[in-house]
Each structure stands twice: as C-alpha cells, then as structure tokens.
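Residue numbers (my numbering), protein chains in the order written: chain A, 55 to 279; chain B, 34 to 226; chain C, 37 to 425.
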C-alpha cells in the first residue's frame, strides 16, 4: 500500500485530528494532533492492512516557528513505510530554557520509542508525557539545557565542576595551572547565560550561518585563479 | 544411566571438537608462512593513494584559501600578502592535532598545488611540532623582490634593463625535492629516521 | 535461639541472598567499548539491568548542523568505525535524495562492491571478538588476518585503512581498475577456504555451542517492537533485508544472494548461536555479491559530473527532508536530514542500528546468569561509537 492508501485507511479509522497528506515532500507525511498521536500509532500498528510493526525513528526538529516531531514507521509484512508528524508551535519568545513542548509518549505502543524519546528529551528538550523512564540518555543527568536547540549556550558549569572550554591542554599545564573559571558559582545565579533572542539565531530568517557563507566567496576566488 | 552417558558424551564431544580446531592451528603452524611484519625493520608497502602528510608546491599556490574552507575541522591556516601576482608568504600551516586526513583539501585546489604524501608515521613526543608549516620559504624570494622592483620601476616609466633575467624562475618540483621536503617535515616534527 | 528458629522456619524457602549491584563496564573488555551496564544480582542470577550509554558521545548530530553536507562525510566514518564504507554510503544516498541526483551506474556497482567487502571485515570482527568474549582466543587472530587483507584492499583504492571517506555524494572518490578487482577475486577464493576453517575452529566447537545455544533468546515480537534490525532481527526468524526488499543500489537488484535467517539449529530460535550463525553465513553471501559485482561491473564514470563542483561550492539542497535507510552490517542505518536551503542541514538525525539493538539488552538480561550476559552483549555486536554518536 502506498502512502495515499495508508492515509485513506487512517482517515477511515475515525480518529480526530488527522491532517492532510503532504505529497510534495520526498517522503509523504501526515500531520496529526498531539492528542491523537497514541491512537494513530496504535491503529497503524494493529490494523492488519497497515501492520506497522516497527517504529524506526523518532526525530525532533527545531524550526523557526515550531518543533516538529517525525515518526518513521515501517512494515515488514507489506514492505511499506509511513511518516507521522506532530507540530508543536513555538510560543512567543520561547527558547530552550523556557519552552519544552509536550507530546504524549508512544513508548507504550512501540518499545523502540523508549530510547528514541529519551534521546529527543535529552538533546532537544521535548517532554514526552507518560514516558516510563524520562531520564537523559546520552548526557549526564546533571547537564543543564538541551544542546541540539539552536539557541543553546554551552554551560560553564556541570554541577559544581567548571567546564574548561578554553582550557590549556593537559601537556601545557604547569605546576601552577588553575582552571580558567574555577570560582564557584554564586547561589541563585542561573547556570547558563540567557540565550540570545530568536532573531539573532543563525538559522532565523532563512539566513545561513556566517561560517557557511564563506565558501561561496571562496568559489569566486577560485575561478579567478 | 542416560545421565552418565550424556556426561561422558559431552566431555568427548568437547574434546573432539576442540581437537579438530587445534588441528587447524597445527596445519597453519606447519604449512602457512608467518604473516607478522617485524615493524620497524620491515614495513607494509604503502599504496600510492595513501593519505598521509601534506606537501605544498609553493610556486604554484595562489593563496585562494579554498583548501582551508573545504576542511571539515578548520585545521589549515593560510596567510599571505598579495603584490599583484607575487605573494609574500607568512603562513601555510596544518594543525595535525586536528587533521583527520579526509583529503577534502586536495580536490578544490584550482592550481593543483597541495598533495598528500604516503608518509604515515605521525607519532611524535612534541605536540607543538604537530602544527606543521608547509612553506618552503617565507616572505619574498630574491627573484620575487626583483620582479617587484621592476614592476615599480616600470610603473614609474623607467626602462627595464634586463627583462629576461628577472622572470620568476619556474622551478619544477621533482621527486627529489619532494623527498627533501618530507625529510624536512619529519625533522621538524622531532622524529628520527 | 531466635536465629535457630529463623533458620528452621525458612528451611524450605529459597536461600536468601542480598541483592548486589554490579557494574559491568565501562572499562570491561567484553562490552566492546565504553558501555556500562548496571546489574542487580541475586547470587549469580541477574534480576534487573540498566544500560548506561553516552560515554562516547561526540555530538555528531550537532556537528552535522554546523558543517556542509560534504564535510559531514568523514564524520559518518567515525560513527560505526568498523563499517565506514556503509556509513558513507548511507550519508551519500541521503544527500543524493535531497538533491535529486543519482550516482552513475559504475559508481553504484563500486559502492556495492566496497560495502560488501566492508561488511565482511565488520562481521569478521564480530566473529573474532565473540570468540574472545567466550574464552576462545585463536579465532580472533584468524579473523584479523583476513580483515587485514580487506583493509589493505580498501586502502589501495581509498587511501586510508579504516576511515575511508571513499563513497561521497554523487559517486565514489576514485575509480577502481582491473588489477584491483583481480586481487579482490583472489581474496574471495582464499576467504571461502578460510571460512570453513572458522567453522571448525569455533562454530562446531561443542563448548562454544553450549555457551551460546538457548542463551539470550530474542523473540520475533520483542525484536520487532524494539526496532532491532540486521542480523539480530534475522536471527529471530524475520526474513527482512533492505538489500533484497528495498534495493537501494542497482547491483542488489541484479545480484543473486540469499538472506540467512535464524533456524534455531542448536536451541531456541533467536538465541545467541543463531545471531552468530546468521553473521557467519552473511559473510559467504557477501562473497557471492562481490563475485557478481566483479563480473558485471559496467564501464563508465565513477562520479556524477554535476557533483564535482561540490568540492569548491558547498552543496545547497532545496528545502525539504529525506530519510534513507541502508543495510549496514549491524542493521539498518538511517539518516534523516532536514534542509532549509542553506549550506548545512538544520537537522541531521542518525538512526544508529546498534542503538536500537542495544535497547533490547535490558529485556534480555534479567533471569540469566552473569556469564551469559557477556555472551548476550557480544552476540548483539554493538559499536559504541555508533550508539553514542
């Protein structure tokens, strides 16, 4: 069955909040409401014509206006695959520190979602409501912030340990070497610097980061040469 | 009775199957030639395409910085002052602490002046020596100096005395030159050959 | 007196032992890297287990958002460093899908050829180290000898021994010549003989069978629900291989090869021995594919002409997203890349096969003995560089 057939099947299931199929994308996807997600996933798994046995991937993507969750499903019986998306719009002034979009967890439907959702919480700060084990997975539990968010600022402390970003290499440290920021953090001060406003973020306004603009000029130089 | 038979059966299966495996080892021991290479006295042949230390043909380089921009780890630093076509070199260095030998600096070069050699022994005791300057000379060579002076003179409207002699000499980079450069790089990185 | 009463009253109950928390790893040789498994032990029986990963986290996804599409290719080498070719292949296919280009025919055959060679090398490591995990040291040396031949073959065409960076968006870095292909066929002839020796050394060994059969049984349902792929899934009896079912390269469509699945030869379907045996048979299937590739490889260009400029000008795919899956030695590697038209993707998500295969470990371990935990971890054949990325 192709994506259109799957979408029709899903539409006939009587679940509210299922959007239209976006066929312009390379992998056609359907956007569903967050509330309908668990029902949609359960239907896609249990329906004999869909029979999506495997949740392949859970991805959160931060865009300018939203965080978008993509669920890649595939079926081994019928050799087809499907993409379900959930869009969490960005509230006014929402940044990585204040805004943690919440979607229901599908770990109860697919066991595979367990680790994938933990990773997305860890790196992008998406809260999966009802997750059985909502811990960080790759980063240490004491970590502050979610590093894959575009406005993430590298913390200067991990717990009470200073993170020596610009530290001298080990072999160059003399006997009187001290870490650059070894003063303990004053109580009450936030661990991370306040993030820059969204307009300053490199991807905002469709502008590529400055670093990436550079090679384009380089090409011109090359032609002259 | 069955249990006892199983017990001894298991022991004999374990012994016979292990002995068969030992037979393979014995056959190898007696028939196959040893394959261990006694490094550093013997070495594997290194294929021509091997991606080792870089080498720069400085005469050709036009300071376009394309290689530095192609580098995924930003390990190439280039600095030169342009006097028309003549370059006054300050720096062309590769930080081998960062370099991942991915070869992406080679194809973008418009004049084909940076290459990778087959030199693979990069271990060193001195981390400072790992920032490798690939330049053969810095500043201006005498012939560049002459050419510059000449250009200035021509601009001022004077007659150039000997145009043929002041042409920048087209020094080809022969295999010996390359070998000498590699030897120099090795020496600078604090290695004994 | 009281103690005696306690003793007599509990006589028929099980012997009470205190729960012991045991750390397996992160520096344990049998965890194949820096995996830490926290085990709750009741005597020698594991009652519960928690995997702790992230010791090798190198921010690959964040790096992917900050470098160009081409520049990320060497970073994919370093994810599953035992199968760099296959990782390069998956990334290149993803970028090609975003750009709507296709590699030339010859490049596709070269890709399949080197990917299968790398698959053999990767499975040889799995075979050799699995022997070491279970106390059989000899097979390791045999496996590494053949792997060394493969590494030298790939070094000749790519210029590096492990981190090849050979398959690039649009094709492959260098063309291959007939002399090299003759060497590959010579290796294939040699390898088939060696493979029989491996079986004598390890596969048929009675002690090895006793250590692996009926251990770490992964049922089909558990494997599917947990997203296990590759040999781990096939050993549970699911005949699914992307190379056959969704051929992502032309040669996989045209070559003949079988897909080994677990049969429960020495025990239950989906046990450690099945996973091991599926890998062993896959090596022989890879040799079959390599032979057919050498035979059928067409002449032509090794790189798409329109893509050569990517070295100078960064690739700029149109806004959109692409998800590509590839059959890696460890399972299905997927790259999900979201482009907004810039020089670098805004999201570069990796579906690492080891990550999903490892997530099943917490469900396999409870109820087994401590010694079998090592056998189970080894049979999943994880690469921590890929789990943590």
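For every residue, glycine included, the Cβ atom is placed at its ideal position computed from N, Cα and C.
Helix, strand or coil, according to DSSP, for residue i in the structure here?
{"i": "residue 86 (chain A)", "result": "strand"}
{"i": "residue 124 (chain B)", "result": "strand"}
{"i": "residue 429 (chain C)", "result": "Here chain C comprises residues numbered 37 to 425, so residue 429 (chain C) is not present and cannot be evaluated."}
{"i": "residue 128 (chain A)", "result": "strand"}
{"i": "residue 81 (chain C)", "result": "strand"}
{"i": "residue 245 (chain B)", "result": "Given that chain B is displayed from residue 34 to residue 226, the structure contains no residue 245 (chain B) and the question cannot be resolved."}
{"i": "residue 209 (chain C)", "result": "coil"}
{"i": "residue 342 (chain C)", "result": "helix"}
{"i": "residue 321 (chain C)", "result": "helix"}
{"i": "residue 250 (chain A)", "result": "Reliability of the predicted coordinates at residue 250 (chain A) is poor, the pLDDT of 43 falling under 50, and the value obtained from them is presented with this limitation in mind. If DSSP states are grouped into helix, strand and coil, residue 250 (chain A) belongs with coil."}
{"i": "residue 82 (chain B)", "result": "coil"}
{"i": "residue 114 (chain C)", "result": "coil"}
{"i": "residue 86 (chain C)", "result": "strand"}
{"i": "residue 141 (chain A)", "result": "strand"}
{"i": "residue 40 (chain B)", "result": "helix"}
{"i": "residue 326 (chain C)", "result": "helix"}
{"i": "residue 371 (chain C)", "result": "strand"}
With a threshold of 16 other CB atoms inside 10 Å of the CB of residue i, please say whether the residue is buried or exposed.
{"i": "residue 238 (chain A)", "result": "Only weak support exists for where residue 238 (chain A) lies, its pLDDT of 49 falling under 50; the coordinates are left without a value."}
{"i": "residue 409 (chain C)", "result": "buried"}
{"i": "residue 113 (chain A)", "result": "buried"}
{"i": "residue 133 (chain A)", "result": "exposed"}
{"i": "residue 108 (chain C)", "result": "buried"}
{"i": "residue 83 (chain A)", "result": "buried"}
{"i": "residue 68 (chain B)", "result": "exposed"}
{"i": "residue 374 (chain C)", "result": "buried"}
{"i": "residue 328 (chain C)", "result": "buried"}
{"i": "residue 158 (chain C)", "result": "buried"}
{"i": "residue 58 (chain C)", "result": "exposed"}
{"i": "residue 144 (chain C)", "result": "buried"}
{"i": "residue 59 (chain B)", "result": "exposed"}
{"i": "residue 54 (chain B)", "result": "buried"}
{"i": "residue 58 (chain A)", "result": "exposed"}
{"i": "residue 186 (chain B)", "result": "exposed"}
Beta-carbon within less than 7 Å of residue i's beta-carbon, same chain only, minus the 5 sequence neighbours each way: which residues are those?
{"i": "residue 171 (chain B)", "result": "122 and 123"}
{"i": "residue 427 (chain C)", "result": "The first residue shown for chain C is 37 and the last is 425, placing residue 427 (chain C) beyond what the model contains."}
{"i": "residue 111 (chain B)", "result": "96, 98, 101, 124 and 125"}
{"i": "residue 189 (chain A)", "result": "172 and 195"}
Keeping to the same chain, check which residues put their C-beta closer than 6 Å to that of residue i; ignore five residues upstream and five downstream.
{"i": "residue 191 (chain C)", "result": "197"}
{"i": "residue 223 (chain C)", "result": "185"}
{"i": "residue 251 (chain C)", "result": "307, 308, 408 and 411"}
{"i": "residue 108 (chain B)", "result": "127, 128, 131 and 132"}
{"i": "residue 135 (chain A)", "result": "128"}
{"i": "residue 432 (chain C)", "result": "The requested residue 432 (chain C) does not occur in the structure, where chain C is confined to residues 37 to 425."}
{"i": "residue 262 (chain C)", "result": "395 and 396"}
Can you give me the Cβ contacts of residue i inside the same chain, cut-off strictly under 8 Å, excluding the 5 residues immediately before and after it?
{"i": "residue 387 (chain C)", "result": "361, 368, 369, 370, 371 and 372"}
{"i": "residue 394 (chain C)", "result": "71, 87, 89, 416, 418 and 423"}
{"i": "residue 77 (chain B)", "result": "70"}
Return yes when at least one heavy atom of the ligand COA lies under 7 Å from the C-beta of residue i, else no.
{"i": "residue 346 (chain C)", "result": "This structure simply doesn't include the ligand COA, nor any ligand for that matter."}
Touching or not, the stretch 349-356 of chain C and the stretch 138-156 of chain C, by the rule of three or more beta carbon pairs under 8 Å? no
Counting Cβ pairs closer than 8 Å, one from the stretch 68-82 of chain B and one from the stretch 100-108 of chain B, do we hit at least three? no
Just checking, does the stretch 159-168 of chain A make contact with the stretch 62-76 of chain C on the three C-beta pairs under 8 Å criterion? no
Quick one: any contact between the stretch 271-284 of chain C and the stretch 200-212 of chain C, if contact means 3 or more CB pairs under 8 Å? no
What residues in the stretch 74-93 of chain B bring their beta carbon closer than 7 Å to a beta carbon of chain C? 80, 82, 83 and 84
Against chain C, which members of the stretch 47-78 of chain B pass a CB distance test of less than 7 Å? 47, 50, 51, 53, 54, 57, 58 and 68
Cβ-based contacts, 8 Å cut-off: residues of the stretch 371-393 of chain C near chain A: 372, 374, 376, 377, 378, 379, 380, 382, 383, 385, 387, 391 and 392
The stretch 162-177 of chain C touching the stretch 328-338 of chain C, judged by at least three CB pairs closer than 8 Å: no
Inter-stretch contact (C-beta, 8 Å, three-pair minimum) for the stretch 126-142 of chain C and the stretch 151-160 of chain B: Too few Cβ pairs lie closer than 8 Å, so no.
Name the residues in the stretch 240-255 of chain C whose C-beta lies less than 7 Å from a C-beta of chain B; which are they? 240, 241, 242 and 243
Chain-ordered residues of the stretch 351-369 of chain C with a beta carbon less than 8 Å from chain A: 356, 357, 358, 359, 361 and 368
Does the contact criterion of 3 or more C-beta pairs under 8 Å hold for the stretch 243-256 of chain C versus the stretch 180-194 of chain C? no
contact_flag[the stretch 111-122 of chain B, the stretch 220-235 of chain C] where n(CB pairs < 8 Å) is 3 or more: no
Could you please tell me which residues of the stretch 57-90 of chain A, in chain order, have their CB closer than 8 Å to any CB of chain C? When CB distances to chain C are screened at a threshold of 8 Å, the residues of the stretch 57-90 of chain A falling below it are 79, 80 and 81, in chain order.
Taking beta-carbon pairs under 8 Å, can you tell me which members of the stretch 288-321 of chain C lie near chain B? none
Answer yes if the stretch 38-51 of chain B comes into contact with the stretch 236-244 of chain C, meaning at least three C-beta pairs across the two stretches below 8 Å, and no otherwise. yes
Report yes or no: do three or more beta-carbon pairs, one from the stretch 101-111 of chain A and one from the stretch 75-90 of chain A, lie closer than 8 Å? no
Mind checking the stretch 93-104 of chain C against chain A and listing, in chain order, the residues whose C-beta falls within less than 8 Å of any C-beta there? 93, 95, 97, 98, 101, 102 and 104
Between the stretch 109-139 of chain C and chain B, which residues of the former have CB atoms less than 9 Å from a CB of the latter, in chain order? 109, 110, 111, 113 and 114
In chain order, what residues of the stretch 71-95 of chain C put their CB closer than 8 Å to some CB of chain A? Listed in sequence order: 89, 90, 93 and 95.
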